[in-house]
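Residue numbers (our numbering): 467 to 1119. Positions of the beta carbon are idealized from the N, C-alpha and C atoms, including for glycine. Computed from a predicted structure; not experimentally measured. Single-structure report; data block below.
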Ligand code: BF8
Ligand code: SF4
């Protein structure tokens, strides 16, 4: 949604009209946003940017001089390779742990539901639960559903520990890939075990071989993709329903000037699910009317937004870089947060308005916010309390300051693996046939965040656009999904944007060329789909014409996702440089040598046209490897592809 509105600075920071308008307001009213703070941080530390600083012990902090003039070793003797590898390993452990802990919260609630203790929830998809039970060896026939659920929960809780040789869902991985992991010693075992071991290995004086450290970093990532994240996704489907195609709306236009607006922000669907239900309570709607509003409007942000959209069609106000700007509309009564990707600054911005920031997870408190401890066993009562708090804030709203700058854009979501296979008649065969014929040349997962170092959403939108124009199906999750939704690329009629082959398939099925597969933990759905395609063809995942892309990533979770996607055999292109360039050896391994080890590697390419071209070439190579009709890919004329990044010093003026 490029626009001529907004001043020049705002247009450099984001491609979205709603964001541009709110950045202008923030600037006019002297409210600091993420872009101002990025500018204030310039120049950012060059040692850290290259991964060459270490503070893992009190003999440090240390740094290695990248120019070879200053110190080349930390106090303990660690050089660039070890320091860079350790830092990367720790990032992956943090990201993997975040997804895993989210998964465990869902799992514990699921167990509590099965024991009849969390009355706000039910088992929404019993058929899926029975399938999962069978998959992990829990007998279901003739047994009460609750008993099966408890046993299933116990098996999955074991996956967090060390009791078994490998994670339950590793059985989903094609045999050839499992054999490769075994030979490399990276088959993921207990989720907690891999993460703890990563922290252990990166303590001073433990793993001092960068290759060994990085192999375990891959294993740690795999414990996320085939463990923590996959458990989160599967059990969320069981408790809240497996997504099916659904229409919704996106951008700041989803806010309602005459209603109590509540934004649900964060990641875990447990709270948002009950708040959606509470907002439909006639008594609470009447209460909203009694304070002058016409109703209660729930909207989503970030991955909580994706969870609500996927299952309930709830509109999404925006992705990562919209979390401050949504407050600046002046139209929000409450922002309710759980955890992950919630900037502490939302508390400061909210102080300029009547908006309440309500934190809900005891793991994630925000100084200055109102804290309501979320207890799944009292979920109904807590959701009721939160909606009441929002309603109470409505009379304090200054209606003259309400600015809802745009009309919403329609988008389609809800593409679980089950929904995709359902659309194909229950088997991957039609998709495989279309790929074999070259009607669809391949598929790419475009995932991940926003990063204020890049113009918001530009890379997501442009890369996706170029891929679909080249008959490459795009699967999206997380903030990449919201970006594409805002750009109008996720409607059945968006098939018109695709190349002739992809367009014909999408039109026949009535689906968009860009499929929303959910939140970031739902990248595990993409793993399941890739495994299903590989199994159908009797090949390994790395032989498929697939790729991953994280054009605007920022978070440690994205690093973990990148690790498991690559370790699963899917080459991934990053749009933002990771902090590894201080070690040429590590770079050579990640961007080269890894291909010979796991059949996939990383590339960094911030320019969306060049990234699309690189991916297209990769996909054609894979097609050739499978003996499918392939096409030479022309070198792209980079002069036609200017990129407006990075935004560094001076972007704040
Ligand atoms: O887990 S894409 S900014 S919101 S980390 Fe965060 Fe990145 Fe968005 Fe969801 Ni994912
Ligand atoms: Fe320095 Fe080594 Fe300690 Fe790191 S672990 S801070 S490099 S002494």
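Distance cut-off 7 Å: residue i Cβ against heavy atoms of ligand 1
{"i": "residue 559", "result": "no"}
{"i": "residue 553", "result": "no"}
{"i": "residue 916", "result": "yes"}
{"i": "residue 1021", "result": "yes"}
{"i": "residue 830", "result": "no"}
{"i": "residue 806", "result": "yes"}
{"i": "residue 1024", "result": "yes"}
{"i": "residue 820", "result": "no"}
{"i": "residue 785", "result": "yes"}
{"i": "residue 837", "result": "no"}
{"i": "residue 985", "result": "yes"}
{"i": "residue 603", "result": "no"}
{"i": "residue 733", "result": "yes"}
{"i": "residue 687", "result": "no"}
{"i": "residue 768", "result": "yes"}
{"i": "residue 944", "result": "yes"}
Residue j beta carbon less than 8 Å from that of residue i
{"i": "residue 812", "j": "residue 787", "result": "no"}
{"i": "residue 709", "j": "residue 985", "result": "no"}
{"i": "residue 550", "j": "residue 1048", "result": "yes"}
{"i": "residue 781", "j": "residue 715", "result": "yes"}
{"i": "residue 1013", "j": "residue 1085", "result": "yes"}
{"i": "residue 770", "j": "residue 718", "result": "no"}
{"i": "residue 739", "j": "residue 706", "result": "yes"}
{"i": "residue 886", "j": "residue 967", "result": "no"}
{"i": "residue 575", "j": "residue 563", "result": "no"}
{"i": "residue 532", "j": "residue 554", "result": "no"}
{"i": "residue 673", "j": "residue 591", "result": "no"}
{"i": "residue 853", "j": "residue 728", "result": "yes"}
{"i": "residue 1034", "j": "residue 699", "result": "no"}
{"i": "residue 1088", "j": "residue 1011", "result": "yes"}
{"i": "residue 916", "j": "residue 772", "result": "no"}
{"i": "residue 731", "j": "residue 815", "result": "no"}
{"i": "residue 851", "j": "residue 499", "result": "no"}
{"i": "residue 926", "j": "residue 946", "result": "yes"}
{"i": "residue 521", "j": "residue 668", "result": "no"}
{"i": "residue 914", "j": "residue 1024", "result": "yes"}
{"i": "residue 797", "j": "residue 723", "result": "yes"}
heavy atom of ligand 2 below 7 Å from residue i C-beta
{"i": "residue 526", "result": "yes"}
{"i": "residue 522", "result": "yes"}
{"i": "residue 542", "result": "yes"}
{"i": "residue 670", "result": "yes"}
{"i": "residue 549", "result": "yes"}
Supposed close pair residue i, residue j - CB separation, criterion 8 Å
{"i": "residue 992", "j": "residue 1039", "result": "So it is not a contact: roughly 15 Å between Cβ atoms."}
{"i": "residue 856", "j": "residue 726", "result": "5 Å"}
{"i": "residue 1074", "j": "residue 884", "result": "Residue 1074 to residue 884, Cβ: 31 Å. No contact."}
{"i": "residue 579", "j": "residue 604", "result": "The pair is not a contact, with the Cβ atoms about 16 Å apart (cut-off 8 Å)."}
{"i": "residue 566", "j": "residue 595", "result": "Actually they are not in contact, since the Cβ atoms of residue 566 and residue 595 sit about 21 Å apart, beyond 8 Å."}
{"i": "residue 650", "j": "residue 1032", "result": "That pair is no contact at about 13 Å."}
{"i": "residue 733", "j": "residue 804", "result": "6 Å"}
{"i": "residue 1007", "j": "residue 643", "result": "6 Å"}
{"i": "residue 869", "j": "residue 530", "result": "With a Cβ gap of about 49 Å, residue 869 and residue 530 do not count as contacting."}
{"i": "residue 963", "j": "residue 878", "result": "The pair is not a contact, with the Cβ atoms about 14 Å apart (cut-off 8 Å)."}
{"i": "residue 933", "j": "residue 1041", "result": "The Cβ separation is near 14 Å, so there is no contact."}
{"i": "residue 630", "j": "residue 994", "result": "With a Cβ gap of about 20 Å, residue 630 and residue 994 do not count as contacting."}
{"i": "residue 871", "j": "residue 484", "result": "5 Å"}
Minimum Cβ-Cβ distance from residue i to chain B less than 8 Å
{"i": "residue 901", "result": "In the structure shown, chain B cannot be found, because there is only a single protein chain."}
task = Flag this pair as touching only if the region 689-700 and the region 645-660 have three or more C-beta atom pairs under 8 Å; answer yes or no.
result = yes
At least 3 beta-carbon pairs within less than 8 Å: the region 833-843 vs the region 757-765 | no
**Q.** Three-pair Cβ contact test at 8 Å for the region 860-867 versus the region 748-760
**A.** yes
- prompt: For the 8 Å Cβ check, are there 3 or more pairs between the region 905-915 and the region 935-955?
  reply: yes
For the pair the region 1017-1029 and the region 973-983, tell me if three or more CB-CB distances fall below 8 Å. no
query: Looking at C-beta atoms only, is the number of pairs between the region 1062-1072 and the region 526-543 that lie closer than 8 Å three or more?
result: no
request  = Could you say if the region 1042-1060 and the region 1089-1101 meet the contact criterion of at least three C-beta pairs nearer than 8 Å?
outcome  = no
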